[in-house]
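The structure under discussion appears below in the form of structure tokens.
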Amino acid sequence: MESDEAADEKVRLGRPLVAARRYCYETKMMGHDIGIGVLRAMLLLPLCFHTGTLSAAEGAQDGGGGGGSGGGGGGGGGGGGGGGVDTIGHSLALVQRLEALLAQGNGSDVSLRVETPSADEVKVIQAHSLVLSLQSPVFEELLVARNGSTLVLTESSDCAGVFDKFMRYLYCGEISLRLDQATPLHKLAAKYGVLGLREGIARYMSENLARDSPSGHVVGWYEYAVQAGDEMLRDGCLQFLAWNLSSVLRSGEWSSVSSGLLMSLLQALLTSETELFAALEAWILRNDPDGLTAENALRAVRYAMMPPRELFRLQAQSPALTRYRESVRDLLYMSYQFHSASPLHMAKYFDVNCSLFTPRNYLSPLWGSAWAISSPSRDDRSTSFQTQLGPSGHDASKRVTWNALFSPRWLPLSLRPLYTETGAMQPARVDGGRPRVIVTPATSSADFAGVNFQKTVLVMAQGPGKVTVKHVYNFHQSTEENGDFLTEADLNHRPSEYLIDGSLYLHIVVKPLYQSLITSKKGLHLALHSEASHSLRSLHQCEGDGGRE
């Protein structure tokens, strides 16, 4: 059998045995010479015997069994006595023989010449028309149209490197692969119409997004999914990247992110806005994009979410800001204004709901807290933590204390017991309840005026090799507002992907949103009539659809 690295994954898909049964009683293949005695002796006779055995079993179940399949001989005649049904299977031995047949090339009737345009190396594989035609409709057409015993195939270097694995799948219905081999194998499966392998590789990729790899792999899979038109894989990759952006920013694949994907990820979860700016600057310096792309990326940064001391440092030391200073000058100007006045005063003249003044979901301790809940299915748990009141410099020293409650089996009012007019209690609908998280402030304060707080709960999961974000839930006070909070999570058994060493890991983020006091755009423009034109440019950006959350 093929020897692969211990870390390799196996995809057992496709059934050459079942596919070949259709041909057990045929005397020739359409469009192909069948003078390959060795192949027929090794492939067809064992398959026909297996078919006869199955036919006998089916006859016994029907109450008959007087005569078996002709191919099965005596194997079909023992069902009439009403005894038990036995099945003799040699599928594993057949797969081993097929693998040996591929490796040795015995009885080959076609040579596959695999060429790579950019390389001189040529790979020649002795194959069998019967197997290729059974597994691939594309190969079947190519074999019908060929003019000799050699079939020339042109493949890219990455596909040529895994073509042996692809052929082994066609013969054995099983494949071993590493993360870096998934894309070329998916390409080959799509090119040659091997649907089972194509679906299996796509499923493998979706299930291994969280797999740890030295240089990262999800960005490459996303770009390939876009090119291949696989929407499910594309959306899965994009969600994973957005929910785990901080780890992506530190990986080797960040520099390979396309400009389109870059702009899509700017709404993602990350530690801080400074972290995002540093990653964007590294991407710009590494890829040297055109001026418009670089300017759009830098203008997507929410500079008002950085403290003034950080803004001063960037203006003095950042190569990207030195080069594109004029493109973001208005945003920097408004960010300094944001930190210099109280939010209520700002709200009289500026639309503080625009994205420049709105925090993202930051994982920094300033805006939330991680929470590990041991044995989460047992009983209610609570915790307390503090966050900064708001991102404005005026609120930098103010803190809000929050109380969080986790209930593993909370029942909504509609499911709780009811009392009738006579005092009798009606039974409640029994579904065991569902998990819920409530986050409320420990005290009220006049400082809360003009501020709404959006809460977000991140649910972590143990992936292959690392912990990643599995789900993201946004709410105002309780996850009950979502209706699907952890509805599919198994919190009772340790093997659950939602439990890490028996604990449920959450991360609560509190996002303060300032409320604008401006009622119309007309009032906004009158209030800002004396402002510089670069300030108005930023405000127009905030008013547009692209500037809002």
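Each residue of the sequence shown is one higher than the one before, starting from 732 at the first, in my numbering. For glycine and all other residues, C-beta sits at the position ideal for the given N, C-alpha and C. Keep in mind that this is a model prediction, so the values were computed, not measured.
- Take the alpha-carbon of Y1245 and the one of G1214: they are about 27 Å apart.
- Going by C-alpha positions, L873 is about 11 Å away from T881.
- For G927, the enclosing alpha helix (DSSP H) begins and ends at L926 to E938.
- Judged by DSSP in its simplified three-state form, Q857 adopts strand.
- For the 8 Å CB-CB criterion, V957 and L972 do not form a contact.
- Excluding residues up to 5 positions away in sequence, F1008 lie with their Cβ nearer than 6 Å to the Cβ of V1032 in the same chain.
- Look at Y1229 here: in three-state DSSP terms it is coil, with no helix or strand label.
- 8 Å or more divides the Cβ of R1109 from the Cβ of S1138.
- Residue state for T1002 is assigned as coil, using DSSP reduced to three classes.
- Judged by DSSP in its simplified three-state form, K1079 adopts coil rather than helix or strand.
- Between the alpha carbons of C890 and G947 lies a gap of roughly 20 Å.
- The alpha carbon of R899 has as its nearest neighbour, out of L829, D966, Y923 and L910, the alpha carbon of L829.
- Distance between G838 and Q857, taken at the CA atoms: about 9 Å.
- Contact check for L1029 against S1003 fails: the beta carbons are separated by 8 Å or more.
- It is roughly 35 Å from the alpha-carbon of A1035 to the alpha-carbon of P945.
- A Cβ-Cβ separation of about 6 Å places T1218 in contact with R1165 under the 8 Å criterion.
- The shortest C-alpha to C-alpha distance from A850 to any of S888, I1231 and L1016 is the one to S888.
- Among the bridge pairs identified by DSSP, Q1185 is matched with K1242.
- In the structure shown, M898 adopts helical secondary structure according to DSSP, grouped into three states.
- For Q912, no alpha helix (DSSP H) run applies, since DSSP gives it neither H nor E.
- Per DSSP, reduced to three states, the secondary structure at N1084 is coil, with no helix or strand assignment.
- Only residues of its own chain outside the window of five on either side were considered, and among them P945, S946 and G947 have a CB closer than 8 Å to the CB of G983, listed in chain order.
- Separation of the CB atoms of L992 and L976 is rounded to 11 Å, and the pair is thereby denied contact status at 8 Å.
- Under the three-state reduction of DSSP, V1032 is assigned to coil, being neither helix nor strand.
- In the three-state reduction of the DSSP assignment, A1103 falls in the strand class.
- Setting aside the 5 residues that flank it on each side, E871 is surrounded in the same chain by S864, each with a C-beta closer than 6 Å to its C-beta; the list follows chain order.
- For L865, DSSP assigns no beta-bridge partner whatsoever.
- Across the structure, K1242 and L1097 are spaced so that their CA atoms are roughly 10 Å apart.
- Beta-bridge partners of N1205 (DSSP): T1187.
- Ranked by how close their Cα comes to the Cα of A1180, the residues R1054, S1106, A1078 and K1201 have A1078 in first place.
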